[in-house]
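Start counting the sequence shown at 7; every next residue gets the next number (our numbering).
We put the beta carbon where it would ideally sit given N, CA and C, even for glycine.
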Amino acid sequence: MVRGINEVIEAQPRSVIGESTSPYSLAAMLDFVNNNAGLLFLGASLLIVGFLTGAMWRENTMLKSGYAAGTPTAQAAAAAPGAAAPGAAAPAAVDLADADWKAIQQDPAGVIGKNDAKVTMVEFTDYQCPFCSRFYTTAYKTIKEKYINTGKLKVILKDQPLTQLHPNAKLAANAARCGGDQGKQEAMHDQLFGKQADWASLSNDDATKKFGDLAKEVGLDGNKLTDCIKSGKFNKAIEADAALGLKVGASGTPTFFVNKKTIVGAQDASAFEQIIDAALKN
7 MVRGINEVIE
17 AQPRSVIGES
27 TSPYSLAAML
37 DFVNNNAGLL
47 FLGASLLIVG
57 FLTGAMWREN
67 TMLKSGYAAG
77 TPTAQAAAAA
87 PGAAAPGAAA
97 PAAVDLADAD
107 WKAIQQDPAG
117 VIGKNDAKVT
127 MVEFTDYQCP
137 FCSRFYTTAY
147 KTIKEKYINT
157 GKLKVILKDQ
167 PLTQLHPNAK
177 LAANAARCGG
187 DQGKQEAMHD
197 QLFGKQADWA
207 SLSNDDATKK
217 FGDLAKEVGL
227 DGNKLTDCIK
237 SGKFNKAIEA
247 DAALGLKVGA
257 SGTPTFFVNK
267 KTIVGAQDAS
277 AFEQIIDAAL
287 KN
């Protein structure tokens, strides 16, 4: 028996917009996302953790192998993902524009040395950065003894916490400034760098408590300092420093400007002496 036209039509597979059986249809993809949201979130989280872990591993490997160019900001790393070889020399010192030189001397996070010193060095730093700590424990000791303590050089500190890599860096910048509120910014600066290993791997809360302990060791009110950190009173100033650093070309930490001349990374004391001595002769 021949089927009627209506029976033939009913026998055909239907295709309605939004109900396609194709595995690549919009509906199928939305169903996949809805049914696997947890797995997708876990995958994205693992990817982010893997990236940060790899970045920190790379940073520590560079430090151990003698690479001195510093920790790049996220913007600099994205612009130039291929790092120079370990031991590579820092870029040649270049002159900073007059307007930029004036700008970076304003609103310091702290000042070390005499205000009337002939030579000024502006340092953009990150208290959790291993290269910044390396500078502090090596070249800085010579610079302080030879130039700062003799009244020839003053150091203006500017904050540039690389929070993507160093989760306690912004808290530490607050700690140093809060130490300044009690008249001992330099003492907290020295504590943070000199004992970086004691707090760098702690949680935010535990690091904040540790900063209070470090403050007590140099005669500060630890409870007052931790309250100051938790208030975040210096966050805007710290963020402004970091933005200014990027604007003037501080693409990694530490970055220094000595009477407009640029030095990048934890270089040997001789790299600083050469520029400071030339400035003292002018």
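* Counting along the chain, where does the beta strand (DSSP E) carrying V270 start and finish? -> K267 to V270
* Applying the criterion that 16 or more other CB atoms from any shown protein chain within 10 Å of the CB defines a buried residue, is N180 buried or exposed? -> buried
* Three-state secondary structure assigned by DSSP to L163 -> strand
* Asked: Nearest-angstrom Cα distance between R64 and H172?
  -> Note that R64 has pLDDT 46, beneath the 50 cutoff, so the model's placement of it is unreliable and no number is given.
* Asked: Nearest-angstrom Cα distance between K120 and N155?
  -> 9 Å
* Element boundaries [beta strand (DSSP E), containing G116] -> G116 to I118
* **At least three beta-carbon pairs within less than 8 Å, the stretch 175 to 195 to the stretch 131 to 149** => yes
* **Proximity of D196 and I244 at Cβ, strictly below 8 Å** => no
* When you compare only the Cα positions, how much space is there between M194 and V128? -> 18 Å
* To do: Answer with buried or exposed for Q170, where buried requires no fewer than 16 other C-beta atoms within 10 angstroms of its C-beta.
  => exposed
* **Residues near G60 by beta carbon distance below 6 Å, same chain, minus five either side** => At G60 the pLDDT is 46, less than 50, meaning the model places this residue with poor confidence; the figure from the coordinates comes in the next sentence. There are no such residues.
* Using 7 Å as the cut-off, classify the Cβ of A284 as near or not near the heavy atoms of the ligand SAM, replying yes or no. => As presented, the structure is devoid of all ligands, the ligand SAM included, so that no description of it is given.
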